[in-house]
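Undergrad: Residue numbers (my numbering): 12 to 175. We put the beta carbon where it would ideally sit given N, CA and C, even for glycine.
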Amino acid sequence: MNPLDQLHPTIAPAAVSWWPLAPGWWLLAALLPLLLWGLWRLRHYLPRRKKAQASEQVLDPLRSAALAELAALSRPYDGQHAGLWLQQLNALLKRLCRVHYPQDNSHTLSGRAWLAFLDNRCPAAGLTRWMVLVEGGYRGTCTLDDKAIDGLNQAIDTWIRKHV
């Protein structure tokens, strides 16, 4: 008798089932839900993409109030003394800076440093060329022509709209 005749026949590959899984697959099956839960929680901490804003922004209440106050100030047309108007403009800008930039102590600035501070926040307004804004309130007689009054008012309007 041949000893090879006593061996069992080989198992066909189709007869091997996929079950039970190897231990590594069990570990993966246990960690996968934990991984998915962790990714779901992580999405709260990742920065979100901002939606495209419309070209015409709705102004916040503080800016709206500041623009309304700017429009309500009486402008010194026709050679009137402009000192009070310039002081009111400065006071409006100082209040806005105190609210938006409290850590910068902008209310202590004056002269060219004050205009440079304003211009650093919004270069589009170009307030550094309006030295009369800081000096005019202290002059005995300060008059501005109508074009300068409108230009300064427009520069401050631009600064209020775009500084934040």
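Please state the DSSP three-state secondary structure of Gln91.
TA: Three-state DSSP puts Gln91 in coil, outside helix and strand.
Undergrad: Taking contact to mean at least 3 C-beta pairs separated by less than 8 Å, is the segment 40–60 in contact with the segment 124–136?
TA: No: fewer than three Cβ pairs fall under 8 Å.
Undergrad: Mind checking Pro58: buried by the 16 CB within 10 Å criterion, or exposed?
TA: Flag for Pro58 reads exposed.
Undergrad: Any contact of the segment 153–160 with the segment 80–98, i.e. 3+ C-beta pairs under 8 Å?
TA: With a cut-off of 8 Å, the segment 80–98 and the segment 153–160 count as touching, because enough Cβ pairs lie within range.
Undergrad: Given a threshold of 16 other Cβ atoms within 10 Å of its Cβ, counted over all protein chains shown, does Ala136 qualify as buried or as exposed?
TA: That one is buried.
Undergrad: With DSSP run on the structure shown, which of helix, strand or coil describes Leu120?
TA: Leu120: coil per DSSP, three-state reduction.
Undergrad: Have a look at Gly122, Ala77, Leu38 and His111 and flag the residue whose alpha-carbon is nearest the alpha-carbon of Met142.
TA: For Met142, the nearest C-alpha among the options comes from Gly122.
Undergrad: Is DSSP giving Arg132 helix, strand or coil here?
TA: Helix at Arg132.
Undergrad: From Gly147 to Leu84, what does the alpha carbon distance come to, in whole angstroms?
TA: C-alpha separation (whole angstroms): 16 Å.
Undergrad: I'd like the span of the alpha helix (DSSP H) that includes Gly35, first residue to last.
TA: Start and end: Pro34 to Leu53.
Undergrad: Quick one: what does DSSP say Leu107 is sitting in, helix, strand or coil?
TA: Of the three classes helix, strand and coil, the one that applies to Leu107 here is helix, per DSSP.
Undergrad: Does Val110 pass the burial test, meaning 16 or more other C-beta atoms within 10 Å, or should it be called exposed?
TA: Per the 10 Å Cβ criterion, exposed.
Undergrad: Within a Cβ cutoff of 6 Å, which residues of the same chain sit near Leu163, ignoring the five residues on either side of it in sequence?
TA: Correct list, in chain order: Trp141.
Undergrad: For Leu120 and Leu81, what's the separation of their Cα atoms in angstroms?
TA: Going by the C-alpha atoms only, they are around 21 Å apart.
Undergrad: Measure the CB-CB distance between Leu78 and Asp168 and report whether it falls below 8 Å.
TA: For Leu78 and Asp168, yes; Cβs fall inside 8 Å.
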